[in-house]
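All remarks here apply to the structure that follows.
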Amino acid sequence: NNPADLRTGALPDEFPEGQVRYFQLDRQTMTAQWGPDIRIPLGPFQGILGVAPDVDEPVSSVPPGPYAGNLDLREQVEGSRLFVPVWKRGGLIFTGDSHVAQGDGEVNLTAIESAMREVRIQVQLHEQPGWEWPFAETDTHWIAIGTHRDLNEAFRIALRNAIQFLVRRAGLQPLDAYSLVSLAVNFRITQVVDITQGVHGMIPKDIFEPSLRASIRIA
53 NNPADLRTGA LPDEFPEGQV RYFQLDRQTM TAQWGPDIRI PLGPFQGILG VAPDVDEPVS
113 SVPPGPYAGN LDLREQVEGS RLFVPVWKRG GLIFTGDSHV AQGDGEVNLT AIESAMREVR
173 IQVQLHEQPG WEWPFAETDT HWIAIGTHRD LNEAFRIALR NAIQFLVRRA GLQPLDAYSL
233 VSLAVNFRIT QVVDITQGVH GMIPKDIFEP SLRASIRIA
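The sequence shown runs contiguously to residue 271 in our numbering.
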C-alpha cells in the first residue's frame, strides 16, 4: 500500500506508512505464501480490460465506466467472458493491471500485482445487444456491473442492470425480477479505490431450470 500522502486506498489516514511485500508464486499449487501459516489461492486476471470511451479527448485509465476498463473484477479469470458496449469504431481495446490474486474491494489499492508475459483474448462482435453497461459471465454466474463515484449509486446501477437482465433475458416481469434479485442475487463491492467505485451483482445460473438456463444469453 502507498503512503498516506498519496491519498490512495480506503483508509490512508489509519495506515500512514507505505508497505511493499513480495510473493513467491507456486504455479503447481496455484498459491502464494503470505507469512508462515497463510497461503492465498491464485486466480490470474486483468484488472483493466475495456474499450475506448465515448469521448474524443484522452482520458485516464484509472476510473472504470460503461466502457469497462479498470473494473478490478476478480471473476474475470481464464474462461470468463466480458461484454462491453462499443463506443468507437474498432473498439480500441486496452488492457493491463495484471493481478494473480485479489479480494473483493481491493481496499488498499493493490492486489498481488504481476506482469503477464502473454494475455490471450478472443474478441466477438455482437450486433446491437442493447446494453449500456458491461456484463460479465462465468460458468456459474451472470454478472451485472455498475460503477460511479458514489458507491451507493454504483450499487443502484448494478441493481438496475441485474433487474433488466432478468426482464429481457429470462422473461420476468419487472416486479418479479426485483423480487428474485432480492432473494437470490449477491451484490459485491468490486473495488473502492479507483476514483469511480464498483459493485457487481452475481446472478447464479443454477437457480434456473436447465431449459430456461440454456436460453438465457447476455448477447
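All C-beta atoms in this analysis are idealised placements derived from N, C-alpha and C, irrespective of residue type, glycine included.
Relative to the alpha-carbon of residue i, which residue among the options has its alpha-carbon at the smallest distance?
i, options, result
"P88", "P96, M82, G99, Q76", "Q76"
"G253", "T199, A222, D228", "T199"
"P181", "I268, D191, I259", "I268"
"D78", "F135, A271, V129, A153", "A153"
"Q128", "I173, L218, F217", "I173"
"Q249", "S234, E158, W86", "E158"
"V107", "I90, W139, Y230", "W139"
"V171", "T147, A120, I90, A271", "T147"
"E184", "F135, E66, V111", "F135"
"P262", "D149, Q243, A222, V237", "A222"
"A266", "A62, H193, L58, P186", "H193"
"Q176", "V111, P186, R133, L211", "R133"
"A167", "N160, L232, D149", "D149"
"I197", "G61, T81, L101, I209", "I209"
"N54", "A62, L63, Q71", "Q71"
So, is residue i buried or exposed, given that buried needs 16 or more other C-beta atoms within 10 angstroms?
i, result
"G131", "exposed"
"A214", "buried"
"N122", "buried"
"E189", "buried"
"L235", "exposed"
What is the C-beta distance between residue i and residue j, in whole angstroms, given that I count them as a contact (C-beta under 8 Å)?
i, j, result
"H151", "P96", "7 Å"
"D246", "P116", "6 Å"
"I255", "F207", "Incorrect: roughly 15 Å between the Cβ atoms, too far for contact."
"D124", "G99", "5 Å"
"D156", "I241", "6 Å"
"P144", "V103", "The identity of residue 144 in the sequence shown is Leu, whereas the question assumes Pro. With a Cβ gap of about 6 Å, L144 and V103 count as contacting."
Based on DSSP bridge pairs, tell me the residues matched to residue i.
i, result
"D78", "T83"
"A56", "Looking at the DSSP assignment, A56 forms no beta bridge with any residue, so it has no partner."
"G117", "A120"
Q | Runs of beta strand (DSSP E) wholly within the segment 224-269 (minimum 3 residues, chain order) | A | 238-243, 249-256
Q: Could you pull out every unbroken alpha helix (DSSP H) segment of at least 4 residues lying fully inside the segment 169-233, listed in chain order?
A: 203-222
Q: Counting only runs of 3+ residues fully inside the segment 126-176, write out the beta strand (DSSP E) ranges in chain order.
A: 133-135, 146-153
Q. Whole beta strand (DSSP E) runs in the segment 85-115 with 3 or more residues, listed along the chain?
A. 91-93, 97-102
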